[in-house]
Structure formats: structure tokens, C-alpha cells
């Protein structure tokens with residue numbers, strides 16, 4: 001019987017390892033050699049799954065997206081109305097070392113995306129999906145009556161995403177970076193403002 | 198008579214050229230060779246002013262900061278109350294190609310800052326200054342009675358900065374990137390919300 005290899009599964013596993021390397025050591029550390037070492041296979045095997053080095057990075061990005069997607073799904077299911085939006089924001093801000101490492105990955109990819117069409121194209125797709133997902137949270141709060149139904153759902157979703165991304169940047173590179181409490185305060189102030197409109 | 202060279206002036210000129218190279222061709226294009234070519238001098242002369250390659254990048258960053266600083270000073274002087282905050286936001290968003298190129302520079306530097314202590318230290322200082330400058334705009338709007346004096350000036354300044362940075366990211370790397378009209382709409386919606394608190 002031929003050995004059955006689940007290629008998609010293997011690619012996802014390697015992507016998760018690439019994500020680990022990048023969040024621990026930075027984007028430049030994710031090479032064919034380091035990934036092969038961590039996976040315990042040959043670099044030739046890595047090349048098979050990731051023909052170009054950018055593919056390794058894009059794999060890591062996909063893994064980061066899948067983590068965030070799960071967090072968002074959980075919050076959307078678990079919490080009601082505006083509380084779902086608040087909790088998902090609390091859950092994704094760079095409030096601890098692990099989330100900070102994830103933000104370093106996002107921010108490095110933005111930098112690469114500005115100079116690399118393949119990375120930008122990929123991130124661009126991620127943004128479309130994100131806009132749609134954040135819109136779900138705004139809509140949920142509107143449907144619960146926590147936010148006015150007259151608010152433009154998409155614009156408010158884009159605005160929340162902008163606030164979140166900017167907060168991530170400030171927290172990661174600002175002096176006396178915003179701590180968890182300050183990050184939450186910024187979010188609470190913002191959401192409080194939203195409810196008054 | 199000895200030839201008098203104004204070293205600070207020369208360094209600023211070279212920084213402006215490094216800024217030009219980066220906004221036109223990306224951060225990786227700013228090398229000793231490319232800068233020497235553009236300045237019409239030897240690479241040795243560039244090394245004299247920028248001993249490490251990071252120093253070239255930091256020079257370009259300083260130049261970008263000086264451009265933004267001037268825009269902010271002008272808006273603070275020219276406009277009253279909340280209008281000053283609106284106009285400065287309109288003036289710095291990536292609304293056209295030239296401003297987009299400047300945002301590409303900021304975003305690439307954030308990426309580098311997450312992996313490089315020297316760049317992060319420099320950017321961190323820039324963030325402290327920026328927080329103080331954006332606070333001036335919030336305070337001005339509060340003093341004019343356009344925004345409630347009960348708002349925490351610093352938190353609102355950090356929130357505006359976060360929104361702006363996130364808007365820059367979305368505009369530069371999102372699919373169907375936000376155009377100038379959509380960027381302004383996001384800002385107007387945000388400021389409108391602020392006035393109601």
C-alpha cells in the first residue's frame with residue numbers, strides 16, 4: 001500500500017513551525033535551514049512545500065490568521081452584543097509577551113508588504129476578510145441595540161480595525177509602551193464613545 | 198582660510214537624500230553607494246556622516262519627522278479648535294502618492310523597529326514627541342469648547358494616533374485600499390463621535 005501523506009496537513013504543520021520561529025526570533029530567522037532543523041527533515045522537503053522563501057513567510061502569516069480567526073469565532077459565539085466586540089479586542093491586543101510576539105509578526109509583514117507585491121497581495125486578502133469579520137461584531141452590537149443602527153457598519157468596522165492596528169504599533173514600539181491596563185482603557189473609552197452616537 | 202563646512206547642515210541634506218531614495222525605491226535601496234551617487238560624493242564621505250547603515254535609515258526617519266513636524270506646526274497655528282485636529286489629520290493621511298510614499302517609509306521602519314533595538318529606541322523617542330504634539334491638538338479643541346474638557350487629553354491623543362496609524366496601514370496594504378474620500382470619511386466619523394462625548 002502506498003504511504004498516504006496529507007499534504008495540506010503537512011503544509012499547515014510546517015507553517016505553524018515557521019510561525020513559531022518568526023514569533024520567537026524575528027522574520028529574518030525563518031530560513032529553509034532553520035525550518036528544516038525545527039521540523040526534523042531535509043531542506044529539500046521544505047522546498048517541496050515552500051518553493052520560494054516568501055512562501056515560508058506567507059505560511060507563517062496564514063497560521064497567525066488562523067489563530068486570530070479562532071479567537072474571533074469564539075468571542076462572537078460566547079459573548080452578546082457590544083460585549084463581544086470588547087472581549088475580542090481585549091483578546092487580540094498585545095497585552096502579554098505571547099500576543100506581543102504575534103504583533104511583531106504582523107508589523108514586520110506590513111513592512112515587507114509595502115515593498116513586496118506577493119506579500120502585499122496576500123495581506124490584502126487578509127484585510128478584506130478581517131473587514132468582513134469585524135463588521136460582524138459591529139452588526140451584532142447594533143442588533144442587540146448596544147450601538148445605534150444608524151451607524152455605518154463597515155466604516156465603524158474599519159475604524160475599529162484602524163484603532164486596533166495603531167494601538168498594536170504604539171504598544172510594540174512606543175516608549176513606555178502601553179501596558180495591558182492602558183490598552184484596555186483606550187478600548188473602553190473608544191467603545192464608550194461609540195455607544196453615545 | 199580654512200573651508201568652513203556646516204556638518205549639521207550637510208548631515209540634514211544627506212538625510213533628505215536618504216529620505217528621497219527610500220520613499221522612491223524602498224528601504225533596502227538606501228545604501229552607501231546609492232546615497233553617494235545621489236549626493237555626488239564618495240561613499241567614504243557618507244560613512245563619515247553615517248558610520249553604520251542604520252544611521253542612514255535613522256537620518257531618513259529624522260527627515261520624515263521634520264516634514265510632519267512642520268505640517269503639524271502649520272495646522273496648529275492656522276486653524277482653530279477641533280478644525281485644527283481635522284486639518285492636520287487630513288494633511289498627513291496617505292491621501293496621494295507622495296504621502297503614500299512617506300507612509301511606506303513609516304511602516305517599513307516599524308517593521309525594522311520590532312527587530313532592531315537602535316531603530317526601536319529612535320522610533321520610541323519619536324512616539325513620545327508625537328504623543329505630546331497630538332495632545333496639543335486635543336487640548337486646543339477642548340479649550341475652544343469643541344471637545345468636552347472632561348475628556349482625558351492624553352488618552353484621546355493616543356487614540357487619535359492609533360486611528361491614524363491603523364488608517365495608514367489599511368490604506369497602504371488593504372485590498373481596494375481606502376481612497377482619500379474614504380479616509381476623510383473615517384476621520385470625520387471619528388471626530389463627530391468625539392464631539393458627542
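Protein chains in written order, with the working numbering: chain A, 1 to 197; chain B, 198 to 394.
For every residue, glycine included, the Cβ atom is placed at its ideal position computed from N, Cα and C.
Closest to residue i by CA distance: which of the options is it?
| i | options | result |
| --- | --- | --- |
| residue 139 of chain A | A/76, A/126, A/100 and A/34 | A/76 |
| residue 351 of chain B | A/116, A/189 and A/79 | A/189 |
| residue 157 of chain A | A/145, A/171 and A/141 | A/141 |
| residue 185 of chain A | A/24, A/87 and A/115 | A/87 |
| residue 260 of chain B | B/332, B/331, B/205 and B/374 | B/205 |
| residue 324 of chain B | A/78, A/38 and A/174 | A/174 |
| residue 94 of chain A | A/164, A/146, A/196 and A/46 | A/164 |
| residue 96 of chain A | A/19, A/171, A/20 and A/197 | A/171 |
| residue 345 of chain B | B/266, B/330 and B/389 | B/389 |
| residue 82 of chain A | A/179, A/38, A/135 and A/20 | A/135 |
| residue 114 of chain A | B/358, B/275, B/374 and B/244 | B/374 |
| residue 265 of chain B | B/326, B/251, B/359 and B/376 | B/326 |
| residue 118 of chain A | A/36, A/46, A/55 and A/197 | A/55 |
| residue 217 of chain B | B/229, B/230 and B/235 | B/235 |
| residue 376 of chain B | B/313, B/330, B/296 and B/203 | B/296 |
| residue 133 of chain A | A/71, A/10 and A/116 | A/71 |
| residue 250 of chain B | B/343, B/394, B/215 and B/207 | B/215 |
| residue 343 of chain B | B/378, B/322, B/277 and B/271 | B/277 |
Taking residue i and residue j to be in contact with their CB atoms under 8 Å, please state how far apart those CB atoms are, rounded to whole angstroms.
| i | j | result |
| --- | --- | --- |
| residue 364 of chain B | residue 380 of chain B | 6 Å |
| residue 85 of chain A | residue 50 of chain A | In fact, because the Cβ distance is near 36 Å, the residues do not count as touching under 8 Å. |
| residue 286 of chain B | residue 384 of chain B | 5 Å |
| residue 393 of chain B | residue 197 of chain A | 6 Å |
Could you check if residue i is buried or exposed, using at least 16 other CB atoms within 10 Å of its CB as the buried criterion?
| i | result |
| --- | --- |
| residue 30 of chain A | buried |
| residue 366 of chain B | buried |
| residue 123 of chain A | buried |
| residue 317 of chain B | buried |
| residue 144 of chain A | exposed |
| residue 150 of chain A | exposed |
| residue 289 of chain B | buried |
| residue 357 of chain B | buried |
| residue 231 of chain B | buried |
When DSSP labels each residue in this structure, what does residue i get in the three-state scheme?
| i | result |
| --- | --- |
| residue 401 of chain B | The structure shown does not extend to residue 401 of chain B, since chain B is modelled only from 198 to 394, so the question has no answer here. |
| residue 79 of chain A | coil |
| residue 178 of chain A | coil |
| residue 93 of chain A | coil |
| residue 15 of chain A | helix |
| residue 193 of chain A | helix |
| residue 319 of chain B | helix |
| residue 68 of chain A | helix |
| residue 30 of chain A | coil |
| residue 50 of chain A | coil |
| residue 202 of chain B | coil |
| residue 113 of chain A | helix |
| residue 144 of chain A | coil |
| residue 346 of chain B | coil |
| residue 23 of chain A | helix |
| residue 237 of chain B | coil |
Could you tell me which chain E residues have their CB closer than 7 Å to the CB of residue i, listed as they occur along the chain?
| i | result |
| --- | --- |
| residue 369 of chain B | Any reference to chain E falls outside this structure, whose protein chains are A and B. |
Do residue i and the ligand SAH come close, with the Cβ less than 8 Å from some heavy atom?
| i | result |
| --- | --- |
| residue 163 of chain A | This structure simply doesn't include the ligand SAH, nor any ligand for that matter. |
- Query: Any chance the region 56 to 63 of chain A sits against the region 6 to 15 of chain A, with 3 or more Cβ pairs inside 8 Å?
  - Reply: Contact holds between the region 56 to 63 of chain A and the region 6 to 15 of chain A, because three or more Cβ pairs, one in each stretch, are under 8 Å apart.
- Would you call the region 93 to 111 of chain A and the region 35 to 43 of chain A touching, i.e. three or more CB-CB distances under 8 Å? Verdict: no, contact absent.
- Message: For the pair the region 106 to 113 of chain A and the region 16 to 28 of chain A, tell me if three or more CB-CB distances fall below 8 Å.
- Response: The region 106 to 113 of chain A makes contact with the region 16 to 28 of chain A, as at least three CB pairs between them are under 8 Å.
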